[in-house]
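Enquirer: Just passing along the structure, written as C-alpha coordinates.
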Amino acid sequence: MSGRWRAFGRRWLVFIVFLLLWQWITVSVANPYFPPPTQILDAAREAWLSGPGSHLFVTDAVTGDMLPSLGRLLLGWFIAVVVGVSCGLALGRLPKLTDYVSTMLFFARSVPAVLLVPVFLVAFGIGPRMEIVTILWGTIWPILLNTIDGARGVDAVKTETARAFHISRRDWVFGVVLPTALPKVFAGLRLALSIAIILMVVSELTGGADSGIGFRLINAQGGFQLAEMWAWIVLVSVLGYLANFLLTVVERRMLAWHPGFHAERLD
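Just so you know, the sequence shown maps onto residues 0 to 266 in numbering that gives the first Met the number 0.
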(Lines of atoms letter the chains of each structure in order from A; the text may use other names.)
(Lines give C-alpha, C1' and ligand atoms only; values in the text may rest on other atoms or scores of the structure.)
Protein backbone atom coordinates (compact mmCIF):
# COMPACT_ATOMS: atom_id res chain seq x y z
CA MET A 0 0.00 0.00 0.00
CA SER A 1 2.83 2.42 0.84
CA GLY A 2 4.39 1.82 -2.58
CA ARG A 3 1.06 2.57 -4.25
CA TRP A 4 0.70 5.82 -2.30
CA ARG A 5 4.24 6.83 -3.23
CA ALA A 6 3.46 6.24 -6.90
CA PHE A 7 0.24 8.24 -6.50
CA GLY A 8 2.17 11.11 -4.90
CA ARG A 9 4.79 11.12 -7.65
CA ARG A 10 2.15 11.32 -10.36
CA TRP A 11 0.45 14.29 -8.73
CA LEU A 12 3.79 15.97 -8.04
CA VAL A 13 4.57 15.81 -11.76
CA PHE A 14 1.13 17.25 -12.50
CA ILE A 15 1.65 20.15 -10.07
CA VAL A 16 5.04 20.88 -11.64
CA PHE A 17 3.34 20.89 -15.05
CA LEU A 18 0.76 23.43 -13.82
CA LEU A 19 3.46 25.67 -12.37
CA LEU A 20 5.40 25.56 -15.64
CA TRP A 21 2.21 26.31 -17.56
CA GLN A 22 1.52 29.29 -15.30
CA TRP A 23 5.07 30.62 -15.59
CA ILE A 24 5.30 30.24 -19.37
CA THR A 25 1.91 31.77 -20.14
CA VAL A 26 2.49 34.72 -17.78
CA SER A 27 5.94 35.30 -19.29
CA VAL A 28 4.74 35.11 -22.89
CA ALA A 29 1.49 37.04 -22.20
CA ASN A 30 -0.24 35.68 -25.29
CA PRO A 31 -4.01 36.33 -25.14
CA TYR A 32 -4.70 33.04 -26.96
CA PHE A 33 -3.02 31.03 -24.18
CA PRO A 34 -4.22 32.35 -20.81
CA PRO A 35 -2.57 31.14 -17.58
CA PRO A 36 -4.25 28.44 -15.44
CA THR A 37 -5.25 30.98 -12.77
CA GLN A 38 -7.19 32.99 -15.37
CA ILE A 39 -8.81 29.82 -16.72
CA LEU A 40 -9.80 28.80 -13.18
CA ASP A 41 -11.37 32.21 -12.57
CA ALA A 42 -13.28 31.96 -15.87
CA ALA A 43 -14.50 28.48 -14.88
CA ARG A 44 -15.74 29.77 -11.54
CA GLU A 45 -17.54 32.64 -13.27
CA ALA A 46 -19.10 30.33 -15.88
CA TRP A 47 -20.19 27.53 -13.56
CA LEU A 48 -20.29 28.69 -9.93
CA SER A 49 -21.53 32.28 -10.00
CA GLY A 50 -25.23 31.50 -9.84
CA PRO A 51 -27.72 32.50 -7.13
CA GLY A 52 -27.42 31.06 -3.65
CA SER A 53 -30.86 29.47 -3.98
CA HIS A 54 -29.38 27.25 -6.73
CA LEU A 55 -26.24 26.45 -4.70
CA PHE A 56 -24.34 29.01 -6.82
CA VAL A 57 -24.61 26.73 -9.87
CA THR A 58 -25.19 28.58 -13.14
CA ASP A 59 -27.37 27.72 -16.13
CA ALA A 60 -24.23 26.55 -17.94
CA VAL A 61 -24.11 23.58 -15.58
CA THR A 62 -27.79 22.65 -15.53
CA GLY A 63 -28.58 23.60 -19.12
CA ASP A 64 -25.38 22.56 -20.90
CA MET A 65 -23.00 20.41 -18.86
CA LEU A 66 -25.54 17.96 -17.42
CA PRO A 67 -27.45 17.42 -20.71
CA SER A 68 -24.14 16.74 -22.49
CA LEU A 69 -23.20 14.16 -19.87
CA GLY A 70 -26.64 12.59 -20.15
CA ARG A 71 -26.31 12.19 -23.92
CA LEU A 72 -22.78 10.89 -23.51
CA LEU A 73 -23.77 8.21 -20.99
CA LEU A 74 -26.90 7.19 -22.88
CA GLY A 75 -25.08 6.72 -26.19
CA TRP A 76 -22.24 4.84 -24.49
CA PHE A 77 -24.63 2.66 -22.47
CA ILE A 78 -26.59 1.63 -25.57
CA ALA A 79 -23.29 0.79 -27.27
CA VAL A 80 -22.28 -1.35 -24.27
CA VAL A 81 -25.54 -3.32 -24.26
CA VAL A 82 -25.63 -3.89 -28.02
CA GLY A 83 -21.88 -4.34 -28.46
CA VAL A 84 -21.38 -6.84 -25.63
CA SER A 85 -24.46 -8.93 -26.40
CA CYS A 86 -23.76 -9.11 -30.15
CA GLY A 87 -20.05 -9.60 -29.53
CA LEU A 88 -20.63 -12.60 -27.28
CA ALA A 89 -22.94 -14.16 -29.85
CA LEU A 90 -20.59 -13.56 -32.79
CA GLY A 91 -17.57 -14.67 -30.78
CA ARG A 92 -19.12 -18.09 -30.21
CA LEU A 93 -20.29 -18.41 -33.83
CA PRO A 94 -17.04 -18.24 -35.82
CA LYS A 95 -18.64 -19.18 -39.15
CA LEU A 96 -21.16 -16.35 -38.88
CA THR A 97 -18.38 -13.97 -37.83
CA ASP A 98 -16.38 -14.91 -40.92
CA TYR A 99 -19.35 -14.01 -43.11
CA VAL A 100 -19.97 -10.60 -41.53
CA SER A 101 -16.38 -9.64 -40.66
CA THR A 102 -15.81 -7.71 -43.90
CA MET A 103 -19.00 -5.72 -43.35
CA LEU A 104 -18.07 -5.01 -39.72
CA PHE A 105 -14.59 -3.76 -40.54
CA PHE A 106 -15.93 -1.66 -43.43
CA ALA A 107 -18.52 -0.02 -41.15
CA ARG A 108 -15.92 0.49 -38.45
CA SER A 109 -13.66 2.29 -40.93
CA VAL A 110 -16.23 5.04 -41.50
CA PRO A 111 -15.52 7.75 -38.88
CA ALA A 112 -18.56 8.92 -36.97
CA VAL A 113 -17.54 12.53 -37.62
CA LEU A 114 -18.00 12.01 -41.37
CA LEU A 115 -21.51 10.71 -40.76
CA VAL A 116 -22.68 13.77 -38.82
CA PRO A 117 -24.26 15.33 -41.98
CA VAL A 118 -26.05 12.02 -42.64
CA PHE A 119 -27.30 11.82 -39.06
CA LEU A 120 -28.41 15.46 -39.25
CA VAL A 121 -30.60 14.67 -42.26
CA ALA A 122 -31.91 11.42 -40.75
CA PHE A 123 -32.52 12.55 -37.16
CA GLY A 124 -32.52 16.35 -37.32
CA ILE A 125 -30.77 18.82 -35.03
CA GLY A 126 -30.99 17.80 -31.40
CA PRO A 127 -30.19 15.11 -28.86
CA ARG A 128 -31.13 12.15 -31.08
CA MET A 129 -28.50 13.03 -33.66
CA GLU A 130 -25.84 13.49 -30.97
CA ILE A 131 -26.72 10.19 -29.26
CA VAL A 132 -26.62 8.30 -32.57
CA THR A 133 -23.24 9.86 -33.39
CA ILE A 134 -21.85 8.73 -30.04
CA LEU A 135 -23.41 5.28 -30.47
CA TRP A 136 -21.93 4.77 -33.93
CA GLY A 137 -18.43 5.72 -32.87
CA THR A 138 -18.38 3.75 -29.61
CA ILE A 139 -20.02 0.48 -30.54
CA TRP A 140 -17.17 -0.80 -32.72
CA PRO A 141 -14.35 -1.09 -30.14
CA ILE A 142 -16.78 -2.73 -27.72
CA LEU A 143 -18.15 -5.16 -30.31
CA LEU A 144 -14.80 -6.19 -31.79
CA ASN A 145 -13.05 -6.55 -28.42
CA THR A 146 -15.94 -8.63 -27.11
CA ILE A 147 -15.79 -10.91 -30.17
CA ASP A 148 -12.06 -11.37 -29.61
CA GLY A 149 -12.58 -12.08 -25.91
CA ALA A 150 -15.42 -14.56 -26.48
CA ARG A 151 -13.22 -16.50 -28.87
CA GLY A 152 -10.71 -16.99 -26.04
CA VAL A 153 -12.71 -19.73 -24.27
CA ASP A 154 -10.41 -22.74 -24.38
CA ALA A 155 -11.43 -26.22 -25.50
CA VAL A 156 -11.15 -27.69 -21.97
CA LYS A 157 -13.83 -25.38 -20.61
CA THR A 158 -16.05 -26.09 -23.60
CA GLU A 159 -15.77 -29.87 -23.19
CA THR A 160 -16.27 -29.64 -19.41
CA ALA A 161 -19.45 -27.60 -19.90
CA ARG A 162 -20.77 -30.17 -22.36
CA ALA A 163 -19.93 -33.05 -20.03
CA PHE A 164 -21.84 -31.47 -17.15
CA HIS A 165 -24.73 -30.39 -19.43
CA ILE A 166 -24.46 -26.74 -18.37
CA SER A 167 -27.38 -24.66 -19.60
CA ARG A 168 -26.76 -22.07 -22.31
CA ARG A 169 -27.49 -19.22 -19.91
CA ASP A 170 -24.97 -20.51 -17.33
CA TRP A 171 -22.48 -21.16 -20.12
CA VAL A 172 -22.72 -17.58 -21.41
CA PHE A 173 -22.74 -15.78 -18.05
CA GLY A 174 -20.57 -18.23 -16.13
CA VAL A 175 -17.89 -19.10 -18.68
CA VAL A 176 -17.91 -17.00 -21.86
CA LEU A 177 -18.52 -13.57 -20.33
CA PRO A 178 -15.93 -13.91 -17.51
CA THR A 179 -13.36 -15.10 -20.05
CA ALA A 180 -14.11 -12.16 -22.34
CA LEU A 181 -14.22 -9.50 -19.59
CA PRO A 182 -10.57 -8.31 -19.86
CA LYS A 183 -11.06 -7.65 -23.57
CA VAL A 184 -14.51 -6.17 -22.94
CA PHE A 185 -13.11 -3.63 -20.47
CA ALA A 186 -10.37 -2.70 -22.92
CA GLY A 187 -13.11 -1.91 -25.43
CA LEU A 188 -15.15 -0.01 -22.83
CA ARG A 189 -12.24 2.27 -21.93
CA LEU A 190 -11.48 3.04 -25.57
CA ALA A 191 -15.17 3.58 -26.34
CA LEU A 192 -15.58 5.96 -23.41
CA SER A 193 -12.72 8.13 -24.65
CA ILE A 194 -14.24 8.17 -28.14
CA ALA A 195 -17.67 9.00 -26.67
CA ILE A 196 -16.34 12.12 -24.95
CA ILE A 197 -14.74 13.32 -28.20
CA LEU A 198 -17.89 12.65 -30.23
CA MET A 199 -20.07 14.35 -27.62
CA VAL A 200 -18.15 17.59 -28.16
CA VAL A 201 -17.77 17.21 -31.94
CA SER A 202 -21.48 16.50 -32.49
CA GLU A 203 -22.35 19.64 -30.53
CA LEU A 204 -19.74 21.70 -32.38
CA THR A 205 -20.76 20.66 -35.89
CA GLY A 206 -24.38 19.59 -35.49
CA GLY A 207 -25.97 22.97 -34.89
CA ALA A 208 -26.77 22.23 -31.23
CA ASP A 209 -28.28 24.98 -29.08
CA SER A 210 -26.92 23.59 -25.80
CA GLY A 211 -24.13 21.45 -24.46
CA ILE A 212 -20.42 21.65 -23.73
CA GLY A 213 -19.49 21.90 -27.40
CA PHE A 214 -22.09 24.62 -27.94
CA ARG A 215 -20.70 26.67 -25.04
CA LEU A 216 -17.14 26.09 -26.23
CA ILE A 217 -17.80 27.37 -29.76
CA ASN A 218 -19.80 30.32 -28.38
CA ALA A 219 -16.91 31.32 -26.12
CA GLN A 220 -14.51 31.05 -29.06
CA GLY A 221 -16.78 33.13 -31.29
CA GLY A 222 -17.16 35.77 -28.58
CA PHE A 223 -13.39 35.90 -28.07
CA GLN A 224 -13.84 34.78 -24.46
CA LEU A 225 -10.64 32.76 -24.61
CA ALA A 226 -10.27 32.02 -20.90
CA GLU A 227 -13.79 30.56 -20.80
CA MET A 228 -13.08 28.61 -23.99
CA TRP A 229 -10.05 27.05 -22.31
CA ALA A 230 -12.15 26.34 -19.21
CA TRP A 231 -14.49 24.18 -21.30
CA ILE A 232 -11.50 22.46 -22.94
CA VAL A 233 -10.02 21.68 -19.53
CA LEU A 234 -13.41 20.43 -18.37
CA VAL A 235 -13.48 17.88 -21.21
CA SER A 236 -10.01 16.68 -20.16
CA VAL A 237 -11.13 16.36 -16.53
CA LEU A 238 -14.24 14.43 -17.58
CA GLY A 239 -12.07 12.04 -19.59
CA TYR A 240 -9.75 11.50 -16.62
CA LEU A 241 -12.60 10.93 -14.15
CA ALA A 242 -14.46 8.59 -16.50
CA ASN A 243 -11.35 6.49 -17.07
CA PHE A 244 -10.59 6.46 -13.33
CA LEU A 245 -14.08 5.28 -12.37
CA LEU A 246 -14.11 2.62 -15.08
CA THR A 247 -10.68 1.41 -13.95
CA VAL A 248 -11.97 1.08 -10.36
CA VAL A 249 -14.90 -1.03 -11.59
CA GLU A 250 -12.55 -3.08 -13.75
CA ARG A 251 -10.21 -3.83 -10.85
CA ARG A 252 -13.07 -5.02 -8.68
CA MET A 253 -14.66 -7.17 -11.37
CA LEU A 254 -11.35 -8.67 -12.55
CA ALA A 255 -9.69 -9.14 -9.17
CA TRP A 256 -9.94 -12.91 -9.74
CA HIS A 257 -8.03 -12.73 -13.02
CA PRO A 258 -4.32 -13.51 -12.32
CA GLY A 259 -3.00 -11.83 -15.46
CA PHE A 260 -4.90 -8.64 -14.76
CA HIS A 261 -3.86 -8.61 -11.09
CA ALA A 262 -0.20 -9.09 -11.91
CA GLU A 263 -0.35 -6.33 -14.51
CA ARG A 264 -1.76 -3.91 -11.95
CA LEU A 265 0.93 -4.74 -9.39
CA ASP A 266 3.82 -4.11 -11.80
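By construction, the Cβ of each residue, glycine as well, lies at the ideal position given by its N, Cα and C atoms.
The model shown is predicted, which means the values in this text are computed figures rather than measured ones.
(1) Is it true that the CB of Ile147 sits closer than 9 Å to the CB of Ala79?
(2) Should Pro35 be labelled buried (16 or more other beta-carbon atoms within 10 Å of its own) or exposed?
(3) Confirm, please, whether the CB-CB distance from Phe185 to Leu90 is below 9 Å.
(4) Quick check: what's the CA-CA separation for Leu72 versus Val233?
(5) For Ser193 versus Asn243, is the C-beta distance shorter than 9 Å?
(6) Within the chosen definition, does the region 205-217 reach the region 119-139 through at least 3 CB pairs nearer than 8 Å?
(7) Apart from the five residues just before and just after Glu263, which ones in its own chain have a Cβ nearer than 6 Å to its Cβ?
(8) If you drop the 5 nearest sequence neighbours on each side, which residues of the same chain put their C-beta closer than 6 Å to that of Phe56?
(9) Short of 8 Å in beta carbon distance, which residues of its chain neighbour Val39, apart from the five on each side in sequence? Order them along the chain.
(10) Which residues in the same chain have their Cβ closer than 7 Å to the Cβ of Leu20, if we skip the five residues on either side of it in sequence?
(11) Just the C-alpha distance for Ser101 and Trp136, rounded to the nearest angstrom, thanks.
Expert: Quick answer:
(1) Within the sequence shown, residue 79 is the residue found at index 80, counting from 1. Within the sequence shown, residue 147 is the residue found at index 148, counting from 1. Ala79 is not a Cβ neighbour of Ile147, given a cutoff of 9 Å.
(2) Numbered from 1 along the sequence shown, position 36 holds the residue referred to as residue 35. Result: buried.
(3) To locate residue 90, count along the sequence shown from 1; it is residue 91. To locate residue 185, count along the sequence shown from 1; it is residue 186. No, they are not a contact pair.
(4) For the purposes of this step, residue 72 is taken as the residue at position 73 of the sequence shown. For the purposes of this step, residue 233 is taken as the residue at position 234 of the sequence shown. Cα to Cα, Leu72 sits roughly 17 Å from Val233.
(5) As a position in the sequence shown, residue 193 is number 194, starting the count at 1. As a position in the sequence shown, residue 243 is number 244, starting the count at 1. Contact flag set, yes.
(6) yes
(7) Taking the sequence shown and counting its residues from 1, the one referred to as residue 263 is at position 264. At Glu263, the pLDDT of 44 sits below 50, so the modelled position is not reliable and the matter cannot be decided from this model.
(8) Start at 1 with the first residue of the sequence shown, and residue 56 comes out as number 57. So the list reads Leu48 and Gly50, once near-sequence residues are dropped.
(9) One-based indexing of the sequence shown puts residue 39 at position 40. According to the sequence shown, residue 39 is Ile rather than Val. Excluding sequence neighbours, Ile39 sits near Ala226, Trp229, Ala230 and Val233.
(10) Residue mapping note: residue 20 aligns to position 21 of the sequence shown, counting from 1. No residues qualify anywhere along the chain.
(11) Within the sequence shown, residue 101 is the residue found at index 102, counting from 1. Within the sequence shown, residue 136 is the residue found at index 137, counting from 1. Rounded to the nearest angstrom, the two C-alpha atoms are 17 Å apart.
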